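Going down the list, the protein sequences come from chains A and B.
Numbering-wise (our numbering), the first sequence opens with residue 593 and increments by one.
Numbering-wise (our numbering), the second sequence opens with residue 13 and increments by one.
In what follows, a single structure is set out as structure tokens and then discussed.
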Amino acid sequence: MIKIPLRYNIGSLLARWPGTLMTAGGIGLTVAIVVTMMALVGGLESTFIETGRDNQLIVIRQGSLNEVNSYFNRDLFQMIRFLPGVAKDDRGEALASGEIIVVINHARMGGESSNVLVRGLSDMGFVLHPEAKIVAGRRLNPGLREIMVSRSLSQRFQSMALGDSIRFARSEWKVVGIFDTGGTAYDSEVWADYNEIAQDWDRPIYSSILLRADSPAAADQIRRRVADDQRINLQAISQRQYFAEQTSSSMGIRTLGFFIAVVMGIGACFAAMNMMYGAVMSRATEIAALRAIGFRRRSILASFLVESLIVGAAGGIIGCIVALPMHGVSTGTANFQAFSEILFNFRITPAIVLRGLLFALTVGVLGGYLPARRAARTRLIDVMRE
Amino acid sequence: MKFIGLLLHNILRNRRRSILTVTSIAVSLFLIATLLTLLTELESPPETPDSALRLITRHKVSLFNSLPVAYRAKIAQVEGVEAVFGSMWFGGVYKDPKNFFMQFAADTDQFFVVNADMVIPEGQRKVYLEDRTGAIVGENLAKRFGWKVGDRITLEGALWDFDAELTVRGIYSGGGDVGSSLFFHWEYFNEALGNPGFTGTFSIRARSAEEIPAIADRVDALFQNSTAPTKTESEKTFVLGFASMMGNVRLLITSIASVVIFTIVLVAANTMAMSIRERTREIGILKALGFRRSQILSLLLGESVFLSLAGALIGSFGARALFSNINMAMVTAGFLPRFYVTPGTLLICGGIGVFVGVIAAGLPAWSAARRPVIAALRQVA
Numbered sequence: 593m594i595k596i597p598l599r600y601n602i603g604s605l606l607a608r609w610p611g612t613l614m615t616a617g618g619i620g621l622t623v624a625i626v627v628t629m630m631a632l633v634g635g636l637e638s639t640f641i642e643t644g645r646d647n648q649l650i651v652i653r654q655g656s657l658n659e660v661n662s663y664f665n666r667d668l669f670q671m672i673r674f675l676p677g678v679a680k681d682d683r684g685e686a687l688a689s690g691e692i693i694v695v696i697n698h699a700r701m702g703g704e705s706s707n708v709l710v711r712g713l714s715d716m717g718f719v720l721h722p723e724a725k726i727v728a729g730r731r732l733n734p735g736l737r738e739i740m741v742s743r744s745l746s747q748r749f750q751s752m753a754l755g756d757s758i759r760f761a762r763s764e765w766k767v768v769g770i771f772d773t774g775g776t777a778y779d780s781e782v783w784a785d786y787n788e789i790a791q792d793w794d795r796p797i798y799s800s801i802l803l804r805a806d807s808p809a810a811a812d813q814i815r816r817r818v819a820d821d822q823r824i825n826l827q828a829i830s831q832r833q834y835f836a837e838q839t840s841s842s843m844g845i846r847t848l849g850f851f852i853a854v855v856m857g858i859g860a861c862f863a864a865m866n867m868m869y870g871a872v873m874s875r876a877t878e879i880a881a882l883r884a885i886g887f888r889r890r891s892i893l894a895s896f897l898v899e900s901l902i903v904g905a906a907g908g909i910i911g912c913i914v915a916l917p918m919h920g921v922s923t924g925t926a927n928f929q930a931f932s933e934i935l936f937n938f939r940i941t942p943a944i945v946l947r948g949l950l951f952a953l954t955v956g957v958l959g960g961y962l963p964a965r966r967a968a969r970t971r972l973i974d975v976m977r978e
Numbered sequence: 013m014k015f016i017g018l019l020l021h022n023i024l025r026n027r028r029r030s031i032l033t034v035t036s037i038a039v040s041l042f043l044i045a046t047l048l049t050l051l052t053e054l055e056s057p058p059e060t061p062d063s064a065l066r067l068i069t070r071h072k073v074s075l076f077n078s079l080p081v082a083y084r085a086k087i088a089q090v091e092g093v094e095a096v097f098g099s100m101w102f103g104g105v106y107k108d109p110k111n112f113f114m115q116f117a118a119d120t121d122q123f124f125v126v127n128a129d130m131v132i133p134e135g136q137r138k139v140y141l142e143d144r145t146g147a148i149v150g151e152n153l154a155k156r157f158g159w160k161v162g163d164r165i166t167l168e169g170a171l172w173d174f175d176a177e178l179t180v181r182g183i184y185s186g187g188g189d190v191g192s193s194l195f196f197h198w199e200y201f202n203e204a205l206g207n208p209g210f211t212g213t214f215s216i217r218a219r220s221a222e223e224i225p226a227i228a229d230r231v232d233a234l235f236q237n238s239t240a241p242t243k244t245e246s247e248k249t250f251v252l253g254f255a256s257m258m259g260n261v262r263l264l265i266t267s268i269a270s271v272v273i274f275t276i277v278l279v280a281a282n283t284m285a286m287s288i289r290e291r292t293r294e295i296g297i298l299k300a301l302g303f304r305r306s307q308i309l310s311l312l313l314g315e316s317v318f319l320s321l322a323g324a325l326i327g328s329f330g331a332r333a334l335f336s337n338i339n340m341a342m343v344t345a346g347f348l349p350r351f352y353v354t355p356g357t358l359l360i361c362g363g364i365g366v367f368v369g370v371i372a373a374g375l376p377a378w379s380a381a382r383r384p385v386i387a388a389l390r391q392v393a
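Right, dumping it as structure tokens:
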């Protein structure tokens, strides 16, 4: 059992509090940056991962990676909705909705324009998107140039408040409702009536069909059925899986975040090392005293490592506290696959906080190891001579 | 010059501390230099005299919407337009969806006039023009997949209902995309789809750069009231639009850089505080010897600035050296065609070094210079 003079170590850290605080602060800021980047990436990815249900399928063209790039004949809808396994509502209507996706260019609040995804759906579509809760206004009426926008979009883009009108394609479209899907990918969309969109764009096709299956087993059956039919050239993907595969848009930010974390981590290690060396050198007499009392070399090593761990932990806590206000901040970036903007929030989860603390502790240990070894090697005789 | 000697001596006295401080600062400034360069590259795409003469015409509503190929003849007649060609995004899959790169079906007769900044051997160009199923690929792209002239490539149609079977007829370098794309004949594309007669965008070569805004207005006026209205802008504006799609990168980068700078200040301040505290007695002696307060202050500030500046220069020049040896265009599939750490960025990093040095030493140096000689001499190390 290694005896560590903990009270001495802690007391020492407190006695030299300016230096301890500055180092912990430095490590803390590094952790804050790393946690913020993780929250950015995590927020973007969770938007995709949490979208979709297991018993719902999205049917798109074979070979398309995306609803946006998919298009097929409307006749195929009749065939799909009568497949065995497709759930029906109480009136016997198949729970399947044909949808069309188009992309428009619109200006954000700050002036720069960006691409926004518009989804044309039918009444049945609303049944299949139960996650969409109307928070203001009402549902759109079919047959009219009315649109509903997500809450995130209305806050980020110009003229998307309740009652505003935007111009795209050939007409003016009125915002009659604001919806919120609780952080899913659908929170980056504008919804309109299928027929109006198909007309204005002169595209009498479907981009996708969203359908609900009776059970996961039935969903599987439908999926295989669609894949096996060579004539129709379609594929059915579980709604959940479809969105999970869209996370590739976060690749760029993830790489950047990782790069920053590694570089900053290295810098923080050197800073911690610097501080600990300073501490070790100035406490040579104290260390010698400890050795004289009887503490073994490995106790000295361990105790200095513990000191740097404590500084690291303090830094980690400071960093997480500093980064906390970023939680929930909303922003958006390009979903290059769908060629439109995807809106999401910074998201700090307990897992991220844990990783931040681990990062801080690692920096502390890596930075403190060499100085701790130096401390352990202090020779009594050198110190006594001075 | 005795001043410098004293300064260097003090810095070298605790070599390990000086090296650790310089290294820590160098690493952080490396990061800042990289971030600043990323920002610069996103906000100022590379330009050549030829690219500065290019405009892109797309559907006004969305880049996704196609334009009738008949527009080409009308655009060619617009005042100020020297040459024009139509180009369609193919978006096919080469073996694996992860192998993303830009692919275009472009008509060929004016292609090389508008893309005068593309460099390709005359022989290869001729063969490409004559081979309906030929393709030209950028040199970075060729390097990435190991393609050579004569190789057969299949692009599986993800957006379109046919697979493009092509033969590499030429490898080009330069161009707006810096050798990162693949082009094949629009005629082949159109035929494979049954002659629907549409394209995605038109690339125009203007007679002169000054006429660009006027040309853009004239082209858009032509199609304003048609079923496919257009939006024409200089190639540079078009490219910048993509960067702005990514979000407020500028805000993110400047925020991170600010926090990093603050961190460095803490690190440097810690070092200077330790260093100055150890030398309280010495400083007292110096004052007793006749050094004035301002000289002490200059000495201490000088040490701090020397260390920070050294770190800043090592970090930023290190970034420059590293990135000039990495082919960023290849690594990022053409997204970042160039990653050049400019002298301006180096200057900013140097400035940060000086700034940090001054601030870090500020308080401890000032209080040390002011401490009465007797109090200083009394200190036992």
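Glycine included, each C-beta is placed from N, C-alpha and C at the ideal position.
Every value quoted in this text rests on a predicted model; they were computed, and no experiment measured them.
Please state if the CB of residue 769/A and the CB of residue 730/A are separated by a distance shorter than 8 Å.
Working through the first sequence from its first residue, we reach residue 730/A at position 138. Working through the first sequence from its first residue, we reach residue 769/A at position 177. Yes; because the gap between Cβ atoms is below 8 Å, this pair is in contact.
Please go through the same chain and pick out, in chain order, the residues whose beta-carbon is closer than 7 Å to the beta-carbon of residue 884/A, but skip the five residues on each side of it.
On the first sequence, residue 884/A is found 292 positions in, with the first residue counted as 1. Here the set comprises 972.
Alpha carbon to alpha carbon, how far is residue 90/B from residue 222/B?
For this step, residue 90/B is matched to residue 78 along the second sequence. For this step, residue 222/B is matched to residue 210 along the second sequence. For residue 90/B and residue 222/B, the distance between alpha carbons rounds to 15 Å.
Residues in its own chain within less than 7 Å of residue 939/A by CB, not counting five upstream and five downstream?
On the first sequence, position 347 is the one that residue 939/A refers to. Counting only Cβ-Cβ distances below 7 Å, and skipping sequence neighbours, we find 631, 634, 635, 638, 919.
Spatial neighbours of residue 860/A in its chain, beta-carbon cut-off 6 Å, leaving aside the 5 residues before and after
Residue numbering aside, residue 860/A sits at position 268 when the first sequence is read from its first letter. Closer than 6 Å at the Cβ level, and outside the excluded window around residue 860/A, lie 619, 622, 955.
Answer with yes or no whether the minimum CB distance from residue 209/B to chain A is below 8 Å.
Sequence index remark: in the second sequence, residue 209/B carries index 197 (1-based). So no, residue 209/B is outside the interface.
Give me the subset of the segment 838-865 of chain A whose CB atoms are less than 7 Å from a CB atom of chain B, sorted by chain position.
852, 855, 856, 858, 859, 862, 863, 865
Name the DSSP beta bridge partners of residue 147/B, please?
Locating residue 147/B in the second sequence gives position 135, counting from the first residue. Beta-bridge pairing links residue 147/B to 180/B, 196/B.
Any Cβ of chain B within less than 8 Å of the Cβ of residue 835/A?
Locating residue 835/A in the first sequence gives position 243, counting from the first residue. Not closer than 8 Å to any Cβ of chain B, the Cβ of residue 835/A fails to qualify, so no.
Please state the DSSP three-state secondary structure of residue 761/A.
Counting from one through the first sequence, the residue named residue 761/A turns up at place 169. Coil, per DSSP.
Close Cβ partners of residue 611/A (< 8 Å) along its chain, the five nearest in sequence each way excluded
Looking up residue 611/A in the first sequence gives position 19. Once the five neighbours on either side are set aside, the close Cβ partners of residue 611/A are 867, 870, 871.
Flag this pair as yes or no: are the beta carbons of residue 216/B and residue 125/B separated by less than 8 Å?
For the purposes of this step, residue 216/B is taken as residue 204 along the second sequence, with counting starting at 1. For the purposes of this step, residue 125/B is taken as residue 113 along the second sequence, with counting starting at 1. Not in contact: residue 216/B and residue 125/B (Cβ atoms no closer than 8 Å).
Could you tell me whether the Cβ of residue 29/B comes closer than 8 Å to any Cβ of chain A?
Reading the second sequence from its first residue, position 17 is the one you call residue 29/B. Cβ-Cβ to chain A under 8 Å: yes for residue 29/B.
Tell me whether residue 588/A sits in a helix, a strand or coil according to DSSP, three-state version.
Residue 588/A cannot be examined here, being either before or after the span of chain A that is shown, 593 to 978.
Taking DSSP as the reference, what is the three-state secondary structure of residue 936/A?
The residue given as residue 936/A occupies position 344 in the first sequence. The answer is strand: DSSP assigns residue 936/A an E or B state.
Taking the alpha-carbon positions, what's the residue 93/B to residue 189/B distance?
As a working note, residue 93/B is residue 81 in the second sequence. As a working note, residue 189/B is residue 177 in the second sequence. The alpha-carbon atoms of residue 93/B and residue 189/B are separated by roughly 22 Å.
Helix, strand or coil at residue 287/B [DSSP, three-state]:
In the second sequence, counting from the first residue as 1, residue 287/B sits at position 275. Residue state, collapsed to three classes: helix.
How big is the Cα-Cα spacing for residue 952/A and residue 889/A?
Counting from 1 along the first sequence, the entry for residue 952/A is found at position 360. Counting from 1 along the first sequence, the entry for residue 889/A is found at position 297. Each residue's Cα considered, the two are about 26 Å apart.
Counting along the chain, where does the alpha helix (DSSP H) carrying residue 618/A start and finish?
By 1-based counting over the first sequence, the position of residue 618/A is 26. It spans 609-641 - the alpha helix (DSSP H) in which residue 618/A sits, taken as one unbroken run.
Among the candidates 602/A, 643/A, 604/A, 609/A, whose CA atom is the shortest distance from the CA of residue 833/A?
If you number the first sequence from 1, residue 833/A lands on position 241. Nearest C-alpha to residue 833/A: 643/A.
Note down, one range per segment and in chain order, each beta strand (DSSP E) of at least 3 residues found wholly within the segment 29-53 of chain B.
none
Check distances from the C-beta atoms of the segment 141-172 of chain B to those of chain A and list, in chain order, the residues that come in under 8 Å.
168, 169, 170, 171
Residue range of the unbroken beta strand (DSSP E) whose run includes residue 21/B:
Position 9 of the second sequence, counting from 1, holds the residue named residue 21/B. That residue, residue 21/B, is in no beta strand (DSSP E); its alpha helix (DSSP H) goes 14-25.
Reducing DSSP to helix, strand and coil, say where residue 217/B ends up.
Stepping through the second sequence from its first residue, residue 217/B is reached at position 205. The answer is strand: DSSP assigns residue 217/B an E or B state.
In chain order, what residues of the same chain have a beta carbon less than 6 Å from the beta carbon of residue 797/A, not counting five sequence neighbours either side?
The residue given as residue 797/A occupies position 205 in the first sequence. 663, listed in sequence order.
Of all Cβ atoms in chain B, is any one closer than 8 Å to the Cβ of residue 696/A?
Taking the first residue of the first sequence as position 1, residue 696/A is located at position 104. For residue 696/A, the answer is yes, since a Cβ of chain B falls inside 8 Å of its Cβ.
Measure the alpha-carbon distance for residue 202/B versus residue 209/B and round it to whole angstroms.
Along the second sequence, one-based indexing puts residue 202/B at 190. Along the second sequence, one-based indexing puts residue 209/B at 197. Taking the straight line joining both Cα atoms gives about 6 Å.
Can you find the residues in the same chain that come closer than 6 Å, C-beta to C-beta, to residue 119/B, ignoring five residues on each side of it along the sequence?
For the purposes of this step, residue 119/B is taken as the residue at position 107 of the second sequence. Here the set comprises 97, 98, 198.
Buried or exposed for residue 111/B, going by 16 or more other Cβ atoms inside 10 Å?
Here the question's residue 111/B lines up with position 99 in the second sequence. Exposed: under 16 other Cβ atoms inside 10 Å.
Is the Cβ-Cβ distance between residue 901/A and residue 648/A less than 8 Å?
Numbered from its first residue, the first sequence carries residue 901/A at position 309. Numbered from its first residue, the first sequence carries residue 648/A at position 56. The answer is no: Cβ separation not under 8 Å.
Take every Cβ of the segment 176-190 of chain B, pair it with every Cβ of the segment 146-166 of chain B, and state whether three or more of those distances are shorter than 8 Å.
yes
Relative to the C-alpha of residue 313/B, which candidate in 374/B, 361/B, 300/B, 71/B has its C-alpha closest?
The residue you call residue 313/B lines up with position 301 of the second sequence. Residue 313/B has its Cα closest to that of 374/B, out of 374/B, 361/B, 300/B, 71/B.
Alpha carbon to alpha carbon, how far is residue 976/A from residue 862/A? Give it in angstroms, no decimals.
For the purposes of this step, residue 862/A is taken as residue 270 along the first sequence, with counting starting at 1. For the purposes of this step, residue 976/A is taken as residue 384 along the first sequence, with counting starting at 1. Distance between the alpha carbons of residue 862/A and residue 976/A is about 30 Å.
Distance, residue 361/B Cα to residue 342/B Cα
The residue you call residue 342/B lines up with position 330 of the second sequence. The residue you call residue 361/B lines up with position 349 of the second sequence. Rounded to whole angstroms, residue 342/B to residue 361/B spans 27 Å at the Cα level.
What are the residues in the segment 936-948 of chain A lying within 8 Å of chain B by C-beta distance?
none
Using DSSP with H/G/I as helix, E/B as strand and the rest coil, what is residue 241/B?
Sequence index remark: in the second sequence, residue 241/B carries index 229 (1-based). The answer is coil: DSSP assigns residue 241/B none of H, G, I, E or B.
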